[in-house]
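Worksheet: one structure, shown below.
Number of protein chains: 2
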Amino acid sequence: MKIGELAKLTDCSVQTIRYYEKEQLMKSPERSEGNFRLYNKSSLKQLMFIKQCRTLDLTLSEIRQLLELQSSPSIQCNSVNKMIDSHIQQVEQRIKELNSLKEQLNYLSNTCSNNGTIEQCGILQKLTSDVAKNV
Amino acid sequence: MKIGELAKLTDCSVQTIRYYEKEQLMKSPERSEGNFRLYNKSSLKQLMFIKQCRTLDLTLSEIRQLLELQSSPSIQCNSVNKMIDSHIQQVEQRIKELNSLKEQLNYLSNTCSNNGTIEQCGILQKLTSDVAKNV
DNA sequence: GTTGACTCTATAGTTACTATAGACTTTATA
DNA sequence: TATAAAGTCTATAGTAACTATAGAGTCAAC
């Protein structure tokens, strides 16, 4: 199949597929006489694997590592688990940060009466006074 | 004061300050005879305001809007609140996404016995079988 | 007068794409 | 069969918010 069909099947954009090839996540496929990329079922699987990993927010570099590991099936697998676990920790950390962020934003939002002028706006006052405190 | 001192006081890098100037978040300061940037207390306040907004994850474009609003103190302030509220929604949305992500990653992590080979690794098997299901 | 710390501008790199230009190939229609 | 439309090709630039570097100039201290 050509790149457009693969793109449709995987819900990837054509450019993204070419990008993955350039970044060595996908093997360079064969070409037709007119130089069009020709994919098979194995390319499809590979791309769906990559997509699956991306929905888990794994970076391209992490995915590249996983793909390498896949091609050495007899080595120890704890490195895979280590990667996933460190990824989980990052996600947890980010959730914590965002929760604290949300609190601050809610607090800010509550200081705005919403019907005054900029000059009276509690949000801007708060942002500015926080600054003053630190100076 | 020169840029290095401002950087220390605000815990910003020198490059970041120059970047904010280029992006018009900071006014271009006066220059010394030798063409060094010269800052005063007002620049310090301005930069700390920007920093404060950045810790709330406001984008530079949002901060630029706030700065513009600040310079027209007599217009209505509900636009400020609108921006903050839409920002809160984005943060909440992202927290939801990350929580679901975390669940999936935890599930994956539990499928790894951690002492087998890549071939036996539950994580890779899971990632691959999820793919197979979709094909 | 020279060393070292600081500053200057301009440019490239980061991540994971997306968008564009200009040319070529293939398919569908008249 | 000619041509128009759709798809594909490569190469390049843009996105956000910086960070890092090169190469040159400035300034203070010894």
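Those protein sequences? They're chains V and C, same order as listed.
Numbering follows the working numbering, in which position 16 of the first sequence is assigned residue number 16; successive positions increment by one, without gaps.
When you read off a place in the second sequence, starting at 1, and then add 135, the result is the number in the working numbering.
Every residue gets a Cβ at the ideal spot worked out from N, C-alpha and C, and that includes glycine.
Every value quoted in this text rests on a predicted model; they were computed, and no experiment measured them.
* List, in order along the chain, the chain C residues whose C-beta lies closer than 8 angstroms to that of D11(V)? -> Taking the first residue of the first sequence as position 1, residue 11(V) is located at position 11. Ordered by position in chain C, no residue passes the 8 angstroms Cβ test against D11(V), which lies about 10 angstroms from the chain.
* Asked: L101(V) to Q200(C), Cα distance in whole Å?
  -> For the purposes of this step, residue 101(V) is identified with residue 101 of the first sequence, where counting begins at 1. For the purposes of this step, residue 200(C) is identified with residue 65 of the second sequence, where counting begins at 1. Between L101(V) and Q200(C), the C-alpha separation is close to 20 angstroms.
* To do: Using a Cβ cut-off of 8 angstroms, pull out every chain V residue sitting near L233(C), in sequence order please.
  => For the purposes of this step, residue 233(C) is taken as residue 98 along the second sequence, with counting starting at 1. For L233(C), the chain V residues whose Cβ falls inside 8 angstroms of its Cβ are V91, R94, I95, L98, in order along the chain.
* Opening and closing residue of the alpha helix (DSSP H) in which Q46(V) lies -> Translated into the one-based positions of the first sequence, residue 46(V) becomes position 46. First-last of the alpha helix (DSSP H) with Q46(V): 41-55.
* To do: For I185(C), collect the residues of the same chain with a Cβ closer than 7 angstroms to its Cβ; drop the 5 residues on either side in sequence, then sort them by chain order.
  => As a position in the second sequence, residue 185(C) is number 50, starting the count at 1. Around I185(C): Y155, L160, I198.
* Of all the CB atoms in chain V, is at least one closer than 7 angstroms to the CB of P208(C)? -> Against the second sequence, residue 208(C) aligns to sequence position 73. Yes, contact with chain V.
* To do: Under 8 angstroms by Cβ, that's how I've got N60(V) and E30(V) pegged, so tell me the actual separation to the nearest angstrom.
  => The sequence position of residue 60(V) within the first sequence is 60, counting from 1. The sequence position of residue 30(V) within the first sequence is 30, counting from 1. The sequence shown places Leu at residue 60(V), not Asn. For L60(V) against E30(V), the beta-carbon gap comes to about 24 angstroms, at or over 8 angstroms, which does not count as contact.
* Asked: Interface residues of chain V around T151(C) at Cβ under 8 angstroms?
  -> Within the second sequence, the letter at position 16 stands for residue 151(C). Result: empty, since nearest Cβ-Cβ is about 17 angstroms, beyond 8 angstroms.
* **Sequence-distant residues of its chain with Cβ nearer than 6 angstroms to L47(V) (five each side left out)** => On the first sequence, residue 47(V) is found 47 positions in, with the first residue counted as 1. Excluding residues within five positions, the ones whose Cβ falls inside 6 angstroms are T10.
* For M218(C), the first and last residue of its enclosing alpha helix (DSSP H) -> One-based indexing of the second sequence puts residue 218(C) at position 83. That run of the alpha helix (DSSP H) goes 213-245.
* Asked: So, using beta-carbon positions, are S109(V) and I210(C) closer together than 7 angstroms?
  -> In the first sequence, the residue the question calls residue 109(V) occupies position 109. In the second sequence, the residue the question calls residue 210(C) occupies position 75. The answer is no: Cβ separation not under 7 angstroms.
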